[in-house]
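Student: Pasting a structure here, questions to come.
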Amino acid sequence: RRLLATELHDQEIIVVSNREPYLHERDGDRIVVRRPASGLVTAIEPVMRACSGTWIAHGSGSADRESVDDHDRVRVPPGEEDYTLRRLWLTEDEEQGYYYGFANEGVWPLCHAAHVRPVFRESDWRRYRAVNRRFAEAVVVEARSEDPVVLMQDYHFALLPAMLRELLPRATIITFWHIPWPSPESFGICPWSQELLRGMLGSTILGFHTKHHCRNFMETVDRQLEARIEHEHDTISHEGKETLIESYPISIEWPSPEVCAAWPAAKLCRERVFARFGLRSDARLAAGVDRFDYTKGILERLHAVERMLEKYPEWTGRFGFVQIAAPTRSALEEYRAFQARIESVTERINTRFGREDYRPVHLVAEHHDQDALIELYRAADACVVTSLHDGMNLVSKEFVAARDDERGVLVLSRYAGAAREMTEALIVNPYHVEETADALQRAITMPAEEQRVRMASLRDTVREYNVYRWAGRMLSDAARVRVRERIADRV
Ligand code: ADQ
9 RRLLATELHD
19 QEIIVVSNRE
29 PYLHERDGDR
39 IVVRRPASGL
49 VTAIEPVMRA
59 CSGTWIAHGS
69 GSADRESVDD
79 HDRVRVPPGE
89 EDYTLRRLWL
99 TEDEEQGYYY
109 GFANEGVWPL
119 CHAAHVRPVF
129 RESDWRRYRA
139 VNRRFAEAVV
149 VEARSEDPVV
159 LMQDYHFALL
169 PAMLRELLPR
179 ATIITFWHIP
189 WPSPESFGIC
199 PWSQELLRGM
209 LGSTILGFHT
219 KHHCRNFMET
229 VDRQLEARIE
239 HEHDTISHEG
249 KETLIESYPI
259 SIEWPSPEVC
269 AAWPAAKLCR
279 ERVFARFGLR
289 SDARLAAGVD
299 RFDYTKGILE
309 RLHAVERMLE
319 KYPEWTGRFG
329 FVQIAAPTRS
339 ALEEYRAFQA
349 RIESVTERIN
359 TRFGREDYRP
369 VHLVAEHHDQ
379 DALIELYRAA
389 DACVVTSLHD
399 GMNLVSKEFV
409 AARDDERGVL
419 VLSRYAGAAR
429 EMTEALIVNP
439 YHVEETADAL
449 QRAITMPAEE
459 QRVRMASLRD
469 TVREYNVYRW
479 AGRMLSDAAR
489 VRVRERIADR
499 V
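Take any residue in the sequence shown, note its place counting from 1, add 8, and you have its number in my numbering.
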């Protein structure tokens, strides 16, 4: 964190993301501030606290929508006020077309191999373009210099880099794509694939979580645009501008000793969670924590739990699976149908294996605060991450960070970017129900010493490759490119 602050000394930093890091909600007469369930916010927030700057995002909290003008700025986090949050308020049409339509019914399924068909509507595309333009103009309004470092976040803003490049040619534009990049064939079905690629190539640096996503992106450009690709230097030159394509695996803020000291003991967490879900003291507990999204493999996870109970009947009455799922994008039919399906499968498993005083599956479709997540992570014998496709997956890293007792087993999908680093997890193919059920069985029966060895090694990895390293590497690459560009300007 200190290194990052040094790296950023005197540098103007602007972050652009769809989601805001703090939602101001009205609760009667009070305004309550809430952090959304979002991997992106989890990752960028500590960086912004370290370096100040301005974060521009779509205002989505209900509290002050009516009472603010378009140039709405607040200092956050509440009480600490380390940086400025500038909120852009979108109209319902804009939100519908840009966010729900093009970004979440188009690009999200396009980039995730989860077998949900993307939907491309001309009207959504027009809104997406217009909203990207509004954000580009907002960056110009907020910028205090002609060459800020702008960190663009994610698939909501594929067009923004090239738009901003026109408005602020000397800006250093770092775009981080938080979701996977698919194969050229998969991406090619998008009617506006070339426009998206051109937009992204306005970036100085384009970051993905893994080398595999970088390679997919370079191949996609190779097939679709007239561009020079230099694999040796990981660069793409297009219309006189060079973009560095690099992998930066995202992570979490590693908890400080003071933070860990304030956590309740793992034993106490276990007692509380067991009491809340009516589990016997000798039972085993597995947990899942996700946004309620079809890419997270929650259905496949339930099938694996069901198969495990079927195959190892000795667990009936002595095993609980708690799935915490934060409702997300509920305005979309696909998401509502998915949630209903999960609820009905949960019901079926509970009817099949439950008894009057016992339910094997507990589905809690709610957003939880940080303390509640830590309590669950520390209580569980296993954390189950079975994403069908995931850029990285931060839940797996949060679980490991919460286990300073070096207990607990991570079951992790091989299709999550995290599987590349977290090799001591039990790695599964989530589509393979039998394999995942056996991994669950192995996790909840793993001897303490094996748990310790695996967990200690996972903790070393996440501690070292934390979110500051993610941001630090990106920003020092940006600093190098900046120096090179400034020298080239002079000659
Ligand atoms: P997400 O798809 O949101 O992120 P993930 O990385 O797992 O996925 O992050 C989810 C975050 O939300 C975690 O910090 C988690 O604790 C929190 N969360 C989940 N359920 C919650 C609940 N019920 N209550 C409260 N908090 C909850 C996207 C990509 C990922 C990538 C991240 C960061 O899809 O692949 O890892 O961005 O780049």
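Where a beta carbon is used, it is the ideal one built from N, C-alpha and C, also for glycine.
Note that the coordinates shown come from a computational prediction; the quantities given were computed from them, not determined experimentally.
#1: Comparing alpha-carbon positions, which option in Gly36, Pro188, Ser352 lies nearest Tyr423?
#2: Does the ligand ADQ have a heavy atom nearer than 7 Å to the CB of Ile258?
#3: Check Gln19 in the structure and name its three-state DSSP category.
#4: Below 6 Å CB to CB, which residues in the same chain sit around Val372 once its five sequence neighbours on both sides are set aside?
#5: Quick one: Cα of Ala496 to Cα of Phe329, how far?
#6: Taking only the alpha-carbon atoms, compute the straight-line gap between Leu420 and Ala486 and give it to the nearest angstrom.
#7: Just confirm the distance between the C-beta atoms of Cys222 and Glu383, as a whole number of angstroms; I'd bet it's less than 8 Å.
#8: Terminal residues of the continuous beta strand (DSSP E) containing Met160?
#9: Between the beta-carbon of Arg135 and the beta-carbon of Asp101, is there less than 8 Å?
#10: To the nearest angstrom, how far is the alpha carbon of Thr50 from that of Glu406?
#11: With distances taken from CA atoms, which of Ser131, Ala138, Arg137, Phe110 is nearest Arg125?
#12: Taking all protein chains shown into account, decide if Pro368 is buried (16 or more other Cβ within 10 angstroms of its Cβ) or exposed.
#13: Output needed for His376: all residues of its chain with C-beta closer than 7 Å, excluding positions within five of it in sequence on either side, in chain order.
#14: Does the distance from the C-beta atom of Arg42 to that of Leu31 stay below 8 Å?
#15: Can you list, in chain order, the stretches of the alpha helix (DSSP H) that have 4 or more residues and sit fully within the region 447-499?
#16: Let's see if you can read the secondary structure: which residues bound the alpha helix (DSSP H) around Ala427?
#17: Any heavy atom of the ligand ADQ closer than 7 Å to the beta-carbon of Leu48?
#18: Please name the residue or residues paired with Leu96 in a DSSP beta bridge.
#19: Which term fits Lys275, buried or exposed, when burial requires 16 or more other beta carbons within 10 angstroms of its beta carbon?
#20: Using a Cβ-based criterion (distance less than 7 Å to any ligand heavy atom), does Gly105 qualify as near the ligand ADQ?
#21: For Ile357, collect the residues of the same chain with a Cβ closer than 6 Å to its Cβ; drop the 5 residues on either side in sequence, then sort them by chain order.
#22: When you compare the CB positions of Leu172 and Val149, do they come within less than 8 Å of one another, or not?
#23: Can you grab the Cα-Cα spacing for the pair Val24 / Arg415, in whole Å?
#24: Please name the residue in Asp298, Met463, Gly362 whose C-alpha comes closest to that of Leu381.
#25: Taking only three categories from DSSP, how would you classify Leu48?
#26: Is it right to say Gln378 is buried, meaning 16 or more other beta carbons lie within 10 angstroms of its own, or is it exposed?
#27: Where does Asp78 fall in DSSP's three states?
#28: Does DSSP put Cys222 in a helix, a strand or coil?
#29: Nearest by alpha-carbon distance to Thr212: which of Pro177, Val115, Val461 is it?
#30: What's the call for Lys319, buried or exposed, on a 16-neighbour Cβ count within 10 Å?
#31: Between Ile182 and Met454, what straight-line distance do the alpha-carbon atoms span, to the nearest angstrom?
#32: Pull the bridge partners of Cys119 from the DSSP assignment, please.
#33: Since I believe Ser191 is in contact with Gln232 (beta carbons under 8 Å), could you give me their beta-carbon distance rounded to a whole number of angstroms?
#34: Within 10 angstroms of the Cβ of Gly480, are there 16 or more other Cβ atoms? Answer buried if so, exposed if not.
#35: To which residues of the same chain is Val392 closer than 6 Å at the C-beta, ignoring the five residues directly before and after it?
#36: Would you mind sorting Arg236 into buried or exposed? The rule is 16 or more other CB atoms within 10 Å of its CB.
Tutor: Let me spell this out:
#1: Pro188
#2: yes
#3: coil
#4: Ile332
#5: 59 Å
#6: 32 Å
#7: That belief does not hold up - the Cβ atoms of Cys222 and Glu383 are roughly 37 Å apart, past 8 Å.
#8: 157-161
#9: yes
#10: 10 Å
#11: Of Ser131, Ala138, Arg137, Phe110, the residue nearest in Cα terms is Phe110.
#12: buried
#13: Ile332, listed in sequence order.
#14: yes
#15: Secondary structure remark: continuous alpha helix (DSSP H) runs of at least 4 residues inside the region 447-499, in chain order: 456-472, 475-498.
#16: Element bounds for Ala427: n/a, residue is neither H nor E.
#17: In terms of side-chain proximity, the C-beta atom of Leu48 is found nearer than 7 Å to a non-hydrogen atom of the ligand ADQ.
#18: His66
#19: exposed
#20: no
#21: Glu314, Val369
#22: no
#23: 38 Å
#24: Taking the Cα of Leu381 as reference, the smallest distance to any Cα among Asp298, Met463, Gly362 is reached at Asp298.
#25: In the three-state DSSP reduction, Leu48 falls in the helix class (H, G or I).
#26: Its Cβ having fewer than 16 others within 10 Å, Gln378 is exposed.
#27: Because the pLDDT of Asp78 is 48, which lies under 50, any placement of that residue in the model is unreliable, and the number read from its coordinates should be weighed accordingly. It is coil, neither helix nor strand.
#28: helix
#29: Pro177
#30: exposed
#31: 43 Å
#32: Paired residues: none, contrary to the question.
#33: So it is not a contact: roughly 13 Å between Cβ atoms.
#34: For Gly480, the number of other beta carbons within 10 angstroms of its own is at least 16, and it is reported as buried.
#35: Ala294, Gly296, Arg309, Val419
#36: exposed
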